[in-house]
Structure formats: C-alpha cells, structure tokens
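First comes the structure, then the notes that go with it.
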Amino acid sequence: MSLQAGGTERVYAFRDEDCRGWYRRFADDVLAAVDERRFLPVYRMADGEFSFALGAPEERLPLRRLRPRQLAKRLLNTLRGRRGGHRSGSPGHGCEVYSPRERRALLDAYAADLRFVADRGYLALALADTPFFAPWAREILDWLDARGIPVHVGNYQYFYAVYALLHGPDSERLLGGRRVLVVNHADAERQAAIAEALARAGAAATRFISISRDKAMLERLDPRSLVEPVDLVLVGAGVGAANVLRQLEPLGVPALDAGYALDVMAQPALHWRRPYCVADAEFELERV
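Shown next as structure tokens:
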C-alpha cells in the first residue's frame, strides 16, 4: 500500500496508518538506543544505492526504452570500458566511483552488509509512488529478497526519516549533550563547520574518522582506536555507508547513515534542496 508523506508524495508501507505514527516508532527506537547505548544501524537506499545493486537504468534497460541522453551515456560507457561500473554523488560532496570489476567484486559483500543492517537495525528505502522512484520498487525488492535480505514492518523505514530525526523536534533529544562521532570524507574546513553545527544543536563533543571520498565500500576502520567513548555515530559514505555501519558495531551505539544531512551542516545554504533538511525554527511553508 502507499501512504502520503509530508503532504508531498505517496510512499510504500506495510501498514495503512498515519505516517507520523510510523516515524514515531522509528524515532523512539533510535532515541532509546542512544540512551541505552545499544548498537542500531540505519542505512538509507535511494537511486544511487539501487543503481549499485541493480545496475544503472541506461545499462540494463532495452535500447528501445532508453531516452537519447541515456543512450548516449551507454554508448560512451561502452567505448570507455565502463559498462557495469558505478558512479554516483556530485562534485563538492561524496562522489563514488567503482570500475566494472570493482562493482562485480563488491556485490556479494554489499548484500552481506545489507543483511547485517536489516537483521540489527533499519533499511530506510526511497520506495515512493512517484515517476522517478516507482519503477525501482519491484526490482530492488526482488533483488533484496533473492539475497535473503529481509524487509518487513519491523526494519523498514522511509528514506527521509533520518533527515526528519536530525532536523525536527526530536533532534534536541538525539543530539543534546551527546558525544558524536562523524565518519565521512570531510576536509578540515568542513569538519570545523560540521562540529560547529552539531555544537549549536547541543552536542557535547564531536570527533571525526576520515574515510575515502570515492571508495568507501573498500574502507577498513578500527573504531576501537577511539580514546574517548561516543554516544552516536553519523555516517556520510554514500553506497559505502553499509560497509562502514557494519564495522561500527563494537562501539555499541546507534549509527545513522546521515549522508546529505552532513553536507547541510557543512554548508547550511543547501538545506532547502532536499526534504526534511530545514530545522523547524527556520521552516517557511511558502518555500515548499
């Protein structure tokens, strides 16, 4: 079935209910996990992650269904030996690049990482009843099912719930007085901006672990090397966040795939570009 989210789009859900109740159960679980110091991974999947799993539309659709731009891209990738590879993100932010050989070699590990997250936390999927996302729904659910990755009422949440948690009224309880670890590729300037934004939100301290900007799926971490304990982890690693989340289990705290929310902390001007990235105090209904 599909539900209306935020008055803007319909999303696929297991229950016929108000989206606020669905979100509330998720938020309460995350907040309780912070208080209890319980490992709880949350991984978001949208078109970039769907493309990594299934292949880009221009790579897998019949030629007759390709738009001119997709057809040109397919031809270019063929000529350059890039068919079957993966590229997602945008300059200035994370921009992942995997060759066809790298992607093929990583797919089994990616599926294992998703099973790990699904068994212990949440998969936040962009399963929306929109022209852009609806065509992905059946294929990605079939792909997950074929690899034994469960998606059910207890572990499925909508993609933007993480952004709502970080920017809505629950952010004070989530971040207030917390020691936050950020795992992403930010340089020193962006780290300073993120730390300042988290401090304004009430965080007691912010620490960083730096990872690759374009190959987080290959990253190997040693979270036990942290000298001071943390209460919450925010990850910005694109598709590779699944790999990163799995390695954070020894910390025993919630680990959220925050992605673009970290870009907003580093560059506040970006907050109007995606849903649920504007703090309630700054929200202007006429701009929606």
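Residue numbering for the sequence shown follows my numbering, beginning at 318 and increasing consecutively.
Each residue gets a CB set at the ideal place from its N, CA and C atoms; glycine is no exception.
CB contact flag (residue i, residue j, <9 Å)
i      : j      : result
Arg361 : Ala445 : no
Ala463 : Val497 : no
Ala575 : Val479 : yes
Val500 : Ile466 : no
Leu587 : Tyr577 : yes
Gly493 : Ala514 : no
Pro591 : Pro567 : The sequence given here has Arg at residue 591, not Pro. It is not a contact, given that the beta carbons lie outside the stated cut-off.
For residue i, the first and last residue of its enclosing alpha helix (DSSP H)
i      : result
Ala559 : Ala558 to Gln564
Ile511 : Ala505 to Arg517
Pro417 : Pro417 to Arg437
Ala578 : Tyr577 to Ala583
Arg591 : Run containing Arg591: none; DSSP gives neither H nor E here.
Leu587 : Unbroken run through Leu587: none, as it is neither H nor E.
Leu498 : No alpha helix (DSSP H) contains Leu498, which is instead part of the beta strand (DSSP E) from Arg496 to Asn501.
Asp345 : Cys336 to Glu353
First and last residue of the uninterrupted beta strand (DSSP E) at residue i
i      : result
Tyr329 : Glu326 to Tyr329
Leu450 : Leu is not the amino acid found at residue 450; the sequence shown has Phe there. Where Phe450 is concerned, there is no enclosing beta strand (DSSP E), given that its DSSP letter is neither H nor E.
Arg524 : Ala522 to Ser527
Val544 : Careful: Val544 lies outside any beta strand (DSSP E) and carries neither H nor E.
Asp487 : It is not in any beta strand (DSSP E) - Asp487 carries neither H nor E in the DSSP assignment.
Leu573 : Pro571 to Asp574
Residues near residue i by beta carbon distance below 6 Å, same chain, minus five either side
i      : result
Phe369 : His403 and Val556
Val414 : Arg404 and Asp531
Phe367 : Trp453 and Ile457
Gly569 : Arg354 and Phe356
Sequence-distant residues of its chain with Cβ nearer than 8 Å to residue i (five each side left out)
i      : result
Tyr427 : Phe369, Ala370, Met534, Val556, Ala559 and Asn560
Beta-carbon contacts of residue i that lie in its chain and below 7 Å, excluding the five residues immediately before and after
i      : result
Gln350 : Rather than Gln, the amino acid found at residue 350 in this sequence is Ala. Leu357 and Pro571.
Leu579 : Val499, Asn501, Ile511, Leu551 and Gly553
Asp430 : Ala559, Asn560 and Arg563
Supposed close pair residue i, residue j - CB separation, criterion 8 Å
i      : j      : result
Cys594 : His469 : About 28 Å; that fails the 8 Å criterion.
Tyr477 : Phe343 : Not quite, the Cβ-Cβ distance comes to about 11 Å (not below 8 Å), so this is no contact.
Assigned secondary structure, residue i (DSSP; H/G/I helix, E/B strand, else coil)
i      : result
Glu456 : helix
Leu320 : Reliability of the predicted coordinates at Leu320 is poor, the pLDDT of 49 falling under 50, and the value obtained from them is presented with this limitation in mind. Three-state result, Leu320: strand.
Arg386 : helix
Leu444 : coil
Val479 : helix
Ala554 : coil
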